[in-house]
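Colleague: Taking our numbering, the leading residue of the sequence shown gets 17, the next gets one more, and so forth.
Ideal Cβ positions, reconstructed from N, Cα and C, are used throughout, including at glycine.
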Amino acid sequence: MADTMILEKLSGVQHRFEEVAQLITDPDVISDMKRFVRLNKEYRDLEPLMEAYSRYKNVLSNLEDARGILSVEKDEELREMARTEVETLSQQVPELEEQIRFLLLPADPQDDKNAVMEIRAGTGGDEASIFAGDLFRMYAKFCENKGWKVEVTSLSEGTAGGFKELVCSVTGNKVYGILKYESGVHRVQRVPKTETQGRVHTSAATVAILPEADEFDIDLNVNDIRKDTFCSSGPGGQSVNTTYSAIRLTHIPSGIVVQCQDEKSQIKNYEKALTELRTRLYNLEYQKYLDEIASKRKTMVSTGDRSAKIRTYNYPQGRVTDHRINHTMYNLSAVMDGDIQEFIDKLQMEENTQRLKEAGM
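#1: Got a sec? Which residues, its chain only, sit under 8 Å from residue 84 by beta carbon, not counting five neighbours each side?
#2: Since residue 213 is in the beta strand (DSSP E), which residue starts that stretch and which ends it?
#3: Is it the case that the stretch 266–284 contacts the stretch 205–222, given that we only count it when at least three CB pairs across the two stretches are under 8 Å?
#4: How far does the beta strand (DSSP E) with residue 40 in it reach, from first residue to last?
#5: Express the C-alpha separation of residue 54 and residue 129 in angstroms, rounding to a whole number.
#6: Alpha carbon to alpha carbon, what distance is there between residue 279 and residue 149?
#7: Kindly indicate which residue of 61, 159, 48, 51 has the alpha-carbon position closest to the one of residue 30.
#8: Tell me which same chain residues have a C-beta within less than 6 Å of the C-beta of residue 152, skipping the five on either side of it?
#9: Beta carbon of residue 121, beta carbon of residue 342: below 8 Å?
#10: Can the beta-carbon of residue 71 be found closer than 8 Å to that of residue 23?
#11: Entirely within the stretch 131–167 and at least 3 residues each: give me those beta strand (DSSP E) ranges in chain order.
#12: Starting from residue 72 and walking both ways along the alpha helix (DSSP H), at which residues does that stretch end?
#13: Closest by CA to residue 296, which one among 261, 75, 224, 156?
#14: Between the C-alpha atoms of residue 439 and residue 222, what's the straight-line distance to the nearest angstrom?
#15: Count the other CB atoms, across all protein chains shown, that sit within 10 Å of the CB of residue 146; report buried if there are 16 or more and exposed otherwise.
#16: Quick check on residue 348: does DSSP put it in helix, strand or coil?
#17: What does DSSP give as the partner residue(s) for residue 223 in the beta ladder?
#18: What number of angstroms, rounded off, separates the C-alpha of residue 371 from the C-alpha of residue 63?
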């Protein structure tokens, strides 16, 4: 039997899909760039649901036909074919309904965005900086496998390697929606390179993933920004170039300061710094939303509370444990080489299950 509630919801969504399809061809809408971009995104977001709806209706129709044949057909060979088809299609119905339930959940409007990633060494001194460097390498490998582009905008190197702090932008398809689960405190248990007695130490690094704001998300008044230029510097503090290409931007009303020095061009550094500043201002508001849902979903406690311990990397035992879903993997070397998709898949599944319960589906 078809799920009546699902059919009712899909009928309403189809009406909206057809309405949006017409609107994006309207010259008045096309001339309003902000509205046109928003409607185009809504159309693309609804397409997978409409494709699933089409498959669902097709399966229900074929199932009804097959059952009709069983009710009237006398030929045993045709009846056996119909029985096989009923059995096959009956299995597909609940699978499609489960898929549609997930697709019916309203998507986080931030999920399609690019992201700004911050990695900071926490407790543990030099070992924490080294671990922060290991985490950046892990994410860089993961992003490379996804075909995403990673650009470092600012960094402060650790005295024994790694980074005290690193900020980078990640651009690609649905970056924030995938990486957002990585925000929080990552803890490592291992014998540090600096340890002479062979004792296992516990150190930590903090990861923050922010959805990158675009020009439509926030109105930024350039009169509220103070721009300072300085010479870029590299490892050891030596001069990378003697021109004032590095940029520091201070947003006077909020006190937020960002800087970028990875490009030789002052203009390019300014554009990157402006994007990061816009993102940080946007996230002041977005954080309120995260705080609201953090109390409801344990998978999102990482973004609602960035001081929460989310994962432990235990080198002596070769295991990695995600504490939000109590999931452990014994392939630490693969994880540190960027193989973190299984954690993300399970976190997404857990979150969607909780959201289905909230929605009464």
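Modeller: Looking at the atomic coordinates:
#1: none
#2: Where residue 213 is concerned, there is no enclosing beta strand (DSSP E), given that its DSSP letter is neither H nor E.
#3: no
#4: Per DSSP, residue 40 belongs to no beta strand (DSSP E) and is neither H nor E.
#5: 13 Å
#6: 21 Å
#7: 61
#8: 135, 182
#9: no
#10: no
#11: 131–137
#12: 49–88
#13: 224
#14: Residue coverage of the chain in this structure runs from 17 to 377, which leaves residue 439 outside it and unanswerable.
#15: buried
#16: helix
#17: 135, 200
#18: 21 Å
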